[in-house]
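K.L.:
To start, I am sharing the structure in question, which I have written as structure tokens.
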Ligand SMILES: [Zn+2]
Ligand SMILES: [Zn+2]
């Protein structure tokens, strides 16, 4: 099988990878496109000590069982099915979970992968592949709405205009809140499709009831925190290299609510994308053999998303 193997920070295109073997309840999925996201780049740099096949944002086709031929995306969190969290439907928080392409489970930068059938969601015909690849990060954006039970404040600051930040801004704007998006690299602003989203370069003295940190940087965290009204909510959407330098006194003094937010509702993301709230952005597609170039392109702010294909 063809795919991309990561070992000690080195990405290698290989054509000798073993075909995945389906366990009971799993189906074989043939990958059509898999997107590179910030997490993949962090994993390449050593986060989680991942060795194997990366890739967790993808669209594919089922090639085994009764659902053969269906176009699908997947909930990437595979719970044990038995613990207290799994029993309560919180498989994303299972302490023994495996996460496709992120933790103890092979990912989608390969021709095929085996996935439990219960994790697969059918992609409607009207949703093109290039948007279906965005279902996983769009679901992560919707997690904020799920956690707040759709009670979002009337104004929100989104810090970070990378792929996730842009999706968060679009999802929150379509939910009716006034979004200010902090864009440090002006090239990123060209990917904004929703004209209601306000682009700002510096929040200055503006204060918001809620800020969503999507930049994965200490500077972004500091900006989000200082831009909050007392009793505001700081949503953490990205993983940080290090926050040990931070004096969190301002969180206590201003009674800030910290809200960690990770993976979200896949079906809600499919429905939203199928409704046409986000059109196909600028995308670069490359074959697995061009993996090094693809990861370079993923750092280019002019390209919204880089997709790999077999
Ligand atoms: Zn991702
Ligand atoms: Zn479990």
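Residue numbers (the working numbering): 7 to 316. Glycine included, each C-beta is placed from N, C-alpha and C at the ideal position.
1) Quick one: which unbroken beta strand (DSSP E) runs of 3-plus residues sit fully inside the segment 218-275? Chain order, please.
2) Give the DSSP-derived three-state secondary structure of residue 47 in the structure shown.
3) If you check the beta carbons only, do residue 267 and residue 241 fall under 9 Å apart?
4) So which of 173, 108 and 253 has the shortest CA-CA distance to residue 311?
5) Just to check, is the beta-carbon of residue 43 closer than 8 Å to a non-hydrogen atom of ligand 1?
6) From the DSSP output, in three-state form, read off residue 98 for me.
7) Using the three-state DSSP reduction, which class does residue 70 fall into: helix, strand or coil?
8) Along the alpha helix (DSSP H) that carries residue 103, what are the first and last residues, could you check?
9) Say the cut is 8 Å; is the CB of residue 322 nearer than that to a heavy atom of ligand 2?
10) Among all the DSSP beta bridges, which residues are the ones paired with residue 64?
11) Between residue 40 and residue 314, how many whole angstroms is the CB-CB distance? I'm expecting something under 8 Å.
12) Tell me the start and end of each unbroken alpha helix (DSSP H) in the segment 146-214 that is at least 4 residues and wholly inside, in chain order.
13) Keeping to the same chain, check which residues put their C-beta closer than 7 Å to that of residue 100; ignore five residues upstream and five downstream.
14) Sort 15, 279 and 249 by Cα distance to residue 46 and report the nearest one.
15) Here's the rule I'm using: 16 or more other beta-carbon atoms within 10 Å means buried, otherwise exposed. How should residue 118 be labelled?
16) Relative to the C-alpha of residue 114, which residue among 249, 165, 62 and 227 is closest?
17) Let me know the secondary structure DSSP gives residue 310 once reduced to three states.
18) Does ligand 2 have even one heavy atom less than 8 Å from the beta-carbon of residue 111?
19) Say the cut is 8 Å; is the CB of residue 92 nearer than that to a heavy atom of ligand 2?
20) Who are residue 11's beta bridge partners in DSSP?
P.N.:
This is what the structure gives:
1) Counting only runs of at least 3 residues, the segment 218-275 fully encloses the following beta strand (DSSP E) elements, listed from N- to C-terminal order: 234-242 and 263-266.
2) In this structure, residue 47 counts as helix in the three-state DSSP scheme.
3) Note that the C-beta distance between residue 267 and residue 241 is below 9 Å.
4) Nearest option by C-alpha distance: 173.
5) The beta carbon of residue 43 sits closer than 8 Å to at least one heavy atom of ligand 1.
6) Helix.
7) Of the three classes helix, strand and coil, the one that applies to residue 70 here is coil, per DSSP.
8) Here residue 103 belongs to no alpha helix (DSSP H), and DSSP marks it neither H nor E.
9) Because the chain is modelled from 7 through 316, residue 322 falls outside the range shown and cannot be assessed.
10) In DSSP, residue 64 forms a bridge with 40.
11) With 8 Å as the limit, residue 40 and residue 314 qualify as a contact, their Cβ atoms being about 5 Å apart.
12) Taken in chain order, the complete alpha helix (DSSP H) segments of 4 or more residues contained in the segment 146-214 are 169-180.
13) The beta carbon of residue 100 sits closer than 7 Å to the beta carbons of 85, 86, 89, 91 and 92 from its chain, once the five residues preceding and following it are set aside; these are given in chain order.
14) Of the candidates 15, 279 and 249, the one whose C-alpha sits nearest the C-alpha of residue 46 is 15.
15) Of the residues assessed, residue 118 falls on the buried side of the cut-off, its CB having 16 or more other CB atoms within 10 angstroms.
16) The alpha carbon of residue 114 has as its nearest neighbour, out of 249, 165, 62 and 227, the alpha carbon of 62.
17) DSSP places residue 310 in coil when its eight states are reduced to three.
18) Not one heavy atom of ligand 2 lies closer than 8 Å to the C-beta of residue 111.
19) Shortest gap from the CB of residue 92 to any heavy atom of ligand 2: under 8 Å.
20) 18.
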